[in-house]
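Protein chains: 2
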Amino acid sequence: MANLVLVVAAALIDAQGRILIAQRPVGKRMAGLWEFPGGKVEPGERPDAALIRELKEELDLDVARDDLEPYAFASHAYADFHLLMPLWVIRRWKREPVALEHEALAWVLPGKLKDYAMPPADEVLVKRLMERPQ
Amino acid sequence: MANLVLVVAAALIDAQGRILIAQRPVGKRMAGLWEFPGGKVEPGERPDAALIRELKEELDLDVARDDLEPYAFASHAYADFHLLMPLWVIRRWKREPVALEHEALAWVLPGKLKDYAMPPADEVLVKRLMERPQ
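Which chain is which? The protein sequence lines are W and S, in order.
For what it's worth, our numbering labels the leading residue of the first sequence as 1, then goes sequentially.
For what it's worth, our numbering labels the leading residue of the second sequence as 135, then goes sequentially.
Rendered as C-alpha cells:
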C-alpha cells in the first residue's frame, strides 16, 4: 500500500484574474514543471497553518487565515505514493511574491494554464479553474 | 496542537439533482445531525478506496473508482481536532442506498439542504452545492 502524502496548495488570484504558478527547481522531483505554491503538512500541523507557513517560506507572502477559501482538491495515485492535495483560492495577501525556493514564477490567466507543463495530479485543478475560477 | 482527522465524504446526486444525506445515530458524536455519507481513512488506505469502502459499509452501495469526481473540501477546526474532509460527487452507483449505520436517509434538493441541521464543517460544502451543484 502506497503512502498517503498530504500537500496543501494555493491558487493566488490577482485583480486581473491571473493565477500564480511556480516552476520547480532543478534537483527536485518533477524539476522544471510548474505547480501551485504550497507543500507538505507537517505532523501535528493544521492544513491551513501549513499553507500559510509554506507561502511565507516559498514566496515571502503574508496571508491571513480568513483569506483562505477552500476551493477543490486533487487525489492522485503516483507510482510510489498517493497524493491528496486540497487547493485554497487566495485573493488577498501582503507583500509581493518572490521565488525563494522556485526557479521562476508566472502569473497566468486560467485559459493559459494548459500551456505550462504541470504535474499529473494538478490536471483536475487546472480544468476546474478554467471552467469556473469562482 | 489538535489532531488532524481525515474524513472522506460523498455527495451522491440522483437523476433529479437530489443529494443524499444521512442522519447520525443516537450514541455517536453529533447524534441527530445530517451528514454526507463517508468516514475516516484508515492508516495506509487510499482516500478513494476508503470512500468506496465506507459507502458499502454504510449504505450497501457499490461505487466504481472512475465514478468519483473530486468536488470540494472542508477544513474545519473543532475544539478537539482539525477535520479535513474532501467531498466527491458521485452520479452513478449500483444497488439502492440502505441505512445500515444511520438513523435515516434523505434525498434533498441542494436548495433545501439548509433545512437540515448538519455539522459546522459541512456548511462550506452545502453553500457550494447550493451555488453550483455542477
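C-beta: ideal position from N, C-alpha, C; glycine also.
No experiment lies behind these values; they were computed from the predicted model shown.
- Boundaries of the alpha helix (DSSP H) harbouring Ile-186 (chain S): 181–193, taken from the DSSP string.
- In the three-state reduction of the DSSP assignment, Pro-244 (chain S) falls in the helix class, which pools H, G and I.
- Using a Cβ-Cβ distance cut-off of 8 Å, the segment 236–254 of chain S and the segment 161–171 of chain S are in contact, since at least three pairs of beta carbons, one from each stretch, lie closer than that value.
- One alpha carbon belongs to Ala-198 (chain S), the other to Trp-227 (chain S), and they sit about 7 Å apart.
- Across the structure, Arg-18 (chain W) and Lys-112 (chain W) are spaced so that their CA atoms are roughly 9 Å apart.
- Going by DSSP, Glu-69 (chain W) is part of the beta strand (DSSP E) stretching over 68–77.
- Around the beta carbon of Phe-81 (chain W), fewer than 16 other beta carbons sit within 10 angstroms, so the residue counts as exposed.
- Around the CB of Gly-172 (chain S), 16 or more other CB atoms lie within 10 Å, so the residue is classed as buried.
- S:Leu-243 is the residue among S:Tyr-212, S:Met-219, S:Lys-190, S:Leu-243 whose C-alpha sits nearest the C-alpha of Ala-149 (chain S).
- Taking 9 Å as the CB threshold, Phe-170 (chain S) stays off the interface with chain W.
- Setting aside the 5 residues that flank it on each side, Asp-48 (chain W) is surrounded in the same chain by Arg-65, Leu-68, each with a C-beta closer than 6 Å to its C-beta; the list follows chain order.
- From the beta-carbon of Arg-92 (chain W), no residue of chain S is found nearer than 8 Å; the closest lies around 18 Å away.
- For a cut-off of 8 Å, the C-beta gap from Leu-146 (chain S) to Leu-154 (chain S) is around 4 Å, short enough to register as a contact.
- Relative to the Cα of Leu-195 (chain S), the nearest Cα in the group S:Val-258, S:Ser-209, S:Leu-217, S:Pro-231 belongs to S:Pro-231.
- From the beta-carbon of Ala-206 (chain S), the residues of chain W found nearer than 8 Å are Pro-70, Tyr-71, Ala-72, Phe-73.
- Taking Ala-206 (chain S) as the centre and dropping the five residues before and after it, the same chain places the C-beta of Leu-221, Leu-259, Arg-262 closer than 7 Å to its C-beta, in chain order.
- Contacts with chain W at 9 Å (Cβ-Cβ) do not include Glu-235 (chain S).
- According to DSSP, Gly-172 (chain S) shares a beta bridge with S:Ala-143.
- Between the alpha carbons of Arg-180 (chain S) and Ala-121 (chain W) lies a distance of about 15 Å.
- Beta-bridge annotation (DSSP): Pro-254 (chain S) is not paired with any residue.
- In this structure, the beta-carbon distance from Ala-10 (chain W) to Ile-90 (chain W) falls below 9 Å.
- When only Cα atoms are considered, Ser-209 (chain S) and Leu-100 (chain W) end up about 27 Å apart.
- Taken through DSSP and simplified to helix, strand or coil, Asp-249 (chain S) comes out as helix.
- The three-state reading of DSSP puts Met-30 (chain W) in coil, since its state is none of H, G, I, E or B.
- By the neighbour-count definition (other C-beta atoms within 10 Å, threshold 16), Ala-104 (chain W) is an exposed residue.
- W:Ala-106 is the residue among W:Glu-131, W:Arg-132, W:Ala-106 whose C-alpha sits nearest the C-alpha of Leu-59 (chain W).
- The straight-line gap separating the alpha-carbon atoms of Lys-190 (chain S) and Glu-131 (chain W) is approximately 32 Å.
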